[in-house]
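Residue numbers (my numbering), protein chains in the order written: chain A, 269 to 381; chain B, 269 to 381. By construction, the Cβ of each residue, glycine as well, lies at the ideal position given by its N, Cα and C atoms. As the structure is a prediction and not an experimental result, all values here were calculated from the model. Below is one structure, written out as structure tokens; the observations come after it.
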DNA sequence: AATTATACATCTGTTTCTTATGTATTAGCA
DNA sequence: TGCTAATACATAAGAAACAGATGTATAATT
């Protein structure tokens, strides 16, 4: 099963922050592979969504970059700024809370007794 | 805490389907109140999002309506069509699965061992 | 030699929602 | 009684976020 795209919307930034909380630095392509691997192909980060988001987060001062050459090919590593670490904790716990609320909502009997 | 809006995006249809799976019929305003109540004000369905979505789902053949007059005021009740019941089961279990995957992703150690 | 994987990037369009606005009835309160 | 809040519907303009396509280029595999 691959989730319908609208479901994944809104979680991308938090996923990036989570990855970079656990890893000192990662590059874009690596993120797509890690998420794919961790979710058994259920979540695939598309490049058209990922790269603009990474750029935006860098512009916000949440992420910082360092480019390295691997042979002749550039690889752009991202890591959290201090601001990004704070933001990361916030967004991750917000998502955890949201997941619980949604789980309750889906599991609960929503009819009036 | 009220969740940042982007997090709730994509879950609206499934929430509607869940409510109407548990209740034979509901009207729009009632849905906003029930969700608000069930989530302790954490999720507020806005009318600008809700009504167009209800109309779209009716046009898709997922929902059917019956209007009633309460005094002089019209109240529009929504209920699931047979197609809607099938769709509802699908979307609800997809969301449940997604929540588990995200919970795992947030909880897991995403770094390489 | 050709294909696949790696690795970056941008752009157009679509979907989905937010915010604002509008209309009207009913209930509660001062 | 007059005012405000709640009930209940609706639409419309714009923003946000993403999908899908396309582009470039190097490296690895078959």
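For residue i and residue j, I'd like the C-alpha separation in whole angstroms.
i, j, result
"residue 351 of chain B", "residue 331 of chain A", "46 Å"
"residue 297 of chain B", "residue 307 of chain A", "37 Å"
"residue 356 of chain B", "residue 357 of chain A", "34 Å"
"residue 282 of chain A", "residue 359 of chain A", "6 Å"
"residue 292 of chain A", "residue 378 of chain B", "11 Å"
"residue 318 of chain B", "residue 312 of chain B", "10 Å"
"residue 316 of chain A", "residue 370 of chain B", "21 Å"
"residue 376 of chain A", "residue 348 of chain B", "19 Å"
"residue 366 of chain A", "residue 343 of chain A", "34 Å"
"residue 363 of chain B", "residue 277 of chain B", "12 Å"
"residue 328 of chain B", "residue 270 of chain B", "31 Å"
"residue 380 of chain A", "residue 284 of chain B", "16 Å"
"residue 287 of chain A", "residue 300 of chain A", "11 Å"
"residue 314 of chain A", "residue 289 of chain A", "21 Å"
Quick one: does residue i have its CB under 9 Å from some CB of chain A?
i, result
"residue 334 of chain B", "no"
"residue 274 of chain B", "yes"
"residue 377 of chain B", "yes"
"residue 362 of chain B", "yes"
"residue 310 of chain B", "yes"
"residue 307 of chain B", "yes"
"residue 282 of chain B", "yes"
"residue 295 of chain B", "no"
"residue 356 of chain B", "no"
"residue 271 of chain B", "yes"
"residue 286 of chain B", "yes"
"residue 313 of chain B", "no"
"residue 338 of chain B", "no"
Give a yes or no on whether the minimum CB-CB distance between residue i and chain B is below 9 Å.
i, result
"residue 343 of chain A", "no"
"residue 369 of chain A", "yes"
"residue 352 of chain A", "no"
"residue 325 of chain A", "no"
"residue 316 of chain A", "no"
"residue 300 of chain A", "no"
"residue 277 of chain A", "yes"
Entirely enclosed alpha helix (DSSP H) segments - the region 274-346 of chain A, minimum 4 residues
280-290, 296-306, 315-327
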